[in-house]
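I have placed the structure first, in the form of structure tokens, so that the comments after it can refer back to it.
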Amino acid sequence: MPAETAPQRTVALIGAGCSGFTTAKRLRDAGIAFDWFEASDRIGGNWAYNNPNGMSSAYQSLHIDTSKWRLQFEEFPVPADWPDFPHHSLIAQYFNDYVDHFGLRGLVQFDTPVLKVARRADGHWDVTTRHGTQAYQAVVVANGHHWSPNRPVWEGQFNGRIIHAHDYRTPFAPIDLIGKRVVVVGLGNSAVDIASELGQRSITEKCWVSTRRGVWVLPKYFNGVPADKQAAPPWLPLPLARWIGRRKVKSLVGRMEDYGLPTPDHEPLDAHPTVSGEFLTRLGSGDIAIKPGIARLDGDGVIFADGSREVVDAIITATGYNIDFPFLDTADACVTDNHIPLYKRMVQADPALHGLWFMGLAQTLPTLVNLAEQQSKLLVAWLSGHYALPDPDTMRRTIVAEEQRYQGHYYASRRHTMQVNFEPYVADLQAEIRRGAKRPTRLSQAA
Numbered sequence: 154m155p156a157e158t159a160p161q162r163t164v165a166l167i168g169a170g171c172s173g174f175t176t177a178k179r180l181r182d183a184g185i186a187f188d189w190f191e192a193s194d195r196i197g198g199n200w201a202y203n204n205p206n207g208m209s210s211a212y213q214s215l216h217i218d219t220s221k222w223r224l225q226f227e228e229f230p231v232p233a234d235w236p237d238f239p240h241h242s243l244i245a246q247y248f249n250d251y252v253d254h255f256g257l258r259g260l261v262q263f264d265t266p267v268l269k270v271a272r273r274a275d276g277h278w279d280v281t282t283r284h285g286t287q288a289y290q291a292v293v294v295a296n297g298h299h300w301s302p303n304r305p306v307w308e309g310q311f312n313g314r315i316i317h318a319h320d321y322r323t324p325f326a327p328i329d330l331i332g333k334r335v336v337v338v339g340l341g342n343s344a345v346d347i348a349s350e351l352g353q354r355s356i357t358e359k360c361w362v363s364t365r366r367g368v369w370v371l372p373k374y375f376n377g378v379p380a381d382k383q384a385a386p387p388w389l390p391l392p393l394a395r396w397i398g399r400r401k402v403k404s405l406v407g408r409m410e411d412y413g414l415p416t417p418d419h420e421p422l423d424a425h426p427t428v429s430g431e432f433l434t435r436l437g438s439g440d441i442a443i444k445p446g447i448a449r450l451d452g453d454g455v456i457f458a459d460g461s462r463e464v465v466d467a468i469i470t471a472t473g474y475n476i477d478f479p480f481l482d483t484a485d486a487c488v489t490d491n492h493i494p495l496y497k498r499m500v501q502a503d504p505a506l507h508g509l510w511f512m513g514l515a516q517t518l519p520t521l522v523n524l525a526e527q528q529s530k531l532l533v534a535w536l537s538g539h540y541a542l543p544d545p546d547t548m549r550r551t552i553v554a555e556e557q558r559y560q561g562h563y564y565a566s567r568r569h570t571m572q573v574n575f576e577p578y579v580a581d582l583q584a585e586i587r588r589g590a591k592r593p594t595r596l597s598q599a600a
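Heads up: the sequence shown begins at 154 in our numbering, then just goes up one per residue.
Okay, structure coming up:
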């Protein structure tokens, strides 16, 4: 089926996770025509456990590390009887309740993966699905960034199984780890969660965590209150907020070396935080042992960077994810070292690409769940002609300045290429909408 010669719909929206369905609501409420595509047969994205599209990284025991107060949508509060840190099944139900409460489910084209998005000479976009190709004025990408696993490769060969945390579901699936000797690679949130589960002596014979560097592991509670509920106000300068936070962490958590972890080479909050209410206790109880990075694989074992060797049955790599847009041409979304520069983490500076927007493409403190709900306000203002982007040079300078603001204090890592702090970021989005309303918009220029 050939592409239409002119767009019949304003927007193509890709993805029905939390970034997709909150954007869909904003578009619908603004009266903006859109087609909404989802590769799976359900909404929820990463939080749809065992999602048949293979893109969910949720494991059976997963509880969110963000407290319920910080993840809730502004227009749809979480149930009052929820625990502070809900299980993934509650999150998935909450997402489904949101979609049904606002009457969005009938708008989704399920089982319809987007195969290709191509820029047209007239500035519009061709979107190809199994139903054919349709032209749109703009494309909104909300396909998530926790579905394309970064899988490390080591020298040597290994007789056991190697899986990524993306594949892990339970101690029985996809591989049976009961009574086995297991290495978990990494010290991020998935790594410490999975290691805390497998470290129980009733599950594995031995569990090691292999890490190339030390990190700060933060508790979920400070003084009986969820830690993220004690965030600094958005008006407080970020350096001062971080200084206060560092002092609190060191005072309440102590030294990582006292738990058997390597000494961090950075201060607290100078890395995306690893949060766990159980991991440090498991270390202190001897259920988990720490090893340095893997030097090479060695048949039935692993040789570590310190020269030690352990007999190992399985390796689980909790080594992060790739930013990936398989339906986009690399010229339209150039990702370098897991980084794509975006103005307000949403759109590229090149005017030829201003019809291509990204929702939820950030690593947000404390939560990503409700980020796109806020971002969609700027998107809809632009689509409806009530907001104008700055000139490209200003956009490029702002991108560099804001990445330095939010990421400059982090150590260099793939996991720190799109960090933002939720409160100041949202406050800046609101200010940017006001600034953009004063610039000449498409509607005013047309008039």
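Backbone N, C-alpha and C fix where the C-beta goes; we use that ideal spot for every residue, glycine too. None of the values given here were measured: they were computed from a predicted structure.
Three-state class that DSSP yields for residue i in the structure shown
i    : result
W369 : coil
I244 : helix
T434 : helix
F238 : coil
H254 : helix
D608 : A query on residue 608 cannot be resolved here, the shown segment of the chain reaching from 154 to 600 and no further.
M154 : Here the model assigns M154 a pLDDT of 40, short of 50, so the residue's position is not dependable and the matter cannot be decided.
F174 : helix
Y412 : helix
A600 : Legend: pLDDT at A600 = 42, less than 50; position of this residue unreliable, no value from coordinates given.
S404 : helix
I196 : coil
Q213 : coil
R272 : strand
I167 : strand
D503 : coil
W388 : coil
D188 : strand
L518 : strand
L509 : strand
Q383 : helix
Presumed contact (8 Å Cβ cut-off) between residue i and residue j, rounded CB distance
i    : j    : result
A291 : L506 : Not quite, the Cβ-Cβ distance comes to about 11 Å (not below 8 Å), so this is no contact.
K178 : F255 : 5 Å
G198 : N249 : That pair is no contact at about 12 Å.
M512 : A295 : 4 Å
N303 : T472 : 5 Å
P504 : P545 : 6 Å
F263 : E191 : 5 Å
V370 : I443 : With a Cβ gap of about 11 Å, V370 and I443 do not count as contacting.
A245 : Y202 : 7 Å
T364 : G460 : Not confirmed; about 16 Å, so no contact.
Cβ neighbour criterion (16 or more within 10 Å) applied to residue i
i    : result
P386 : exposed
A318 : buried
I217 : buried
F478 : buried
W510 : buried
L171 : Going by the sequence as given, residue 171 is Cys instead of Leu. With 16 or more Cβ atoms within 10 Å of its Cβ, C171 is classed as buried.
V306 : exposed
G352 : buried
S343 : buried
A590 : exposed
G309 : exposed
P417 : buried
Q357 : Going by the sequence as given, residue 357 is Thr instead of Gln. With 16 or more Cβ atoms within 10 Å of its Cβ, T357 is classed as buried.
A259 : Residue identity check: residue 259 is Gly in the sequence provided, not Ala. G259 should be labelled exposed.
D451 : buried
W300 : buried
V553 : exposed
E410 : exposed
A458 : exposed
Minimum C-alpha distance to residue i - residue among the options
i    : options                : result
T427 : V368, S404, E420, T416 : V368
L453 : A245, N249, I315       : Looking at the sequence shown, residue 453 is not Leu but Asp. For the residues A245, N249, I315, the minimum Cα distance to D453 belongs to I315.
R272 : G437, L532, D194, Q287 : Q287
P324 : A348, N312, E308, G339 : A348
L422 : G439, R435, V402, A486 : V402
H298 : E576, V522, A442, A584 : V522
D581 : P390, G173, G446       : P390
D340 : K359, G184, R366, R354 : According to the sequence provided, residue 340 is Leu. The question's Asp does not apply to it. Ranking K359, G184, R366, R354 by Cα distance to L340 puts R366 first.
L268 : D279, R258, L260       : D279
L436 : V465, G446, Y412       : Y412
G184 : V533, H240, H277       : V533
Y289 : T163, T175, K373, L215 : T163
K359 : Q213, D440, L405       : D440
P266 : A233, H277, G276, T281 : T281
> Of all the alpha helix (DSSP H) runs that stay within the bounds of the segment 424-498, which reach a length of 4 or more residues?
Replying inline: Counting whole runs of 4 or more residues, the segment 424-498 contains the alpha helix (DSSP H) stretches 432-437.
> What are the start and end residues of each continuous beta strand (DSSP E) run of 3 or more residues lying completely inside the segment 525-591, in chain order?
Replying inline: The beta strand (DSSP E) runs of length 3 or more contained entirely in the segment 525-591 are, from start to end of the chain, 572-574.
>> So within the segment 285-361, which uninterrupted alpha helix (DSSP H) runs reach at least 4 residues, ignoring any that extend past its ends?
In response: Within the segment 285-361, the complete alpha helix (DSSP H) runs of at least 4 residues are 342-351.
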